[in-house]
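Shown next, in structure tokens, is the structure this report addresses.
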Amino acid sequence: MTLFNLQSTEILGDLPGWDVWSMHASSKTVMSRKEALSQFIQQIHGRPVVVKLNSGVDYRGVLACLDGYMNIALEQTEEYVNGQLKDKYGDAFIRGNNVLYISTQKRRT
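Counting from 1, position 2 in the sequence shown corresponds to residue 2 in UniProt numbering; the numbering is continuous, with no gaps.
Okay, structure coming up:
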């Protein structure tokens, strides 16, 4: 997994079994941060994501919408605190200033 820090557009780390767009230095095409973020958002729309908040709480669900302020709308949302499932919601809205990072898991075949 490549964790994409939405506040500074930097790569936080890689873990096996996850798939997210990353800004690798080995890429031959150089993109601006705005273009890179736009491409990342297009790739994850409609996919299962994990949204980590500054408070440490994780929300997992299907990305329904993301705006320019990084406000996030999720469907089929689950709330995890300290790795434990705490609650399930149909739809959830997360205010962008609370988001530490967003990542997505590979689709299972």
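Just so you know, even glycine gets a beta-carbon here, dropped at the ideal spot from N, CA and C.
Measuring straight from C-alpha to C-alpha, what distance separates residue i and residue j?
i, j, result
"SER26", "TYR69", "Unreliable positioning characterises SER26 in this predicted model, as indicated by a pLDDT of 41, which lies under 50. A coordinate reading is not provided."
"SER32", "PHE93", "28 Å"
"TRP18", "PRO48", "Here TRP18 scores only 42 on pLDDT, less than 50, and its place in the model is too uncertain to base an answer on."
"GLU78", "GLU35", "30 Å"
"GLY96", "ILE72", "7 Å"
"GLN42", "LEU100", "19 Å"
"LEU85", "GLN39", "31 Å"
"ASP91", "GLY46", "13 Å"
"ALA64", "ASP87", "19 Å"
"ILE102", "TYR89", "18 Å"
Hey, residue i and residue j: beta-carbon distance below 8 Å or not?
i, j, result
"THR62", "LEU74", "Looking at the sequence provided, one finds Val at residue 62 rather than Thr. Yes."
"ASN98", "LEU37", "no"
Whose CA, out of the options, lies closest to the CA of residue i?
i, options, result
"GLN76", "VAL50, SER38, VAL99, ARG95", "VAL50"
"GLY83", "LEU37, ILE41, ARG60", "ARG60"
"LEU66", "LEU85, ILE44, GLU78", "ILE44"
"SER55", "ILE41, GLY46, VAL81, LYS88", "VAL81"
Can you tell me which residues form a DSSP beta bridge with residue i?
i, result
"SER103", "VAL50"
"GLY61", "VAL49"
"TYR89", "THR77"
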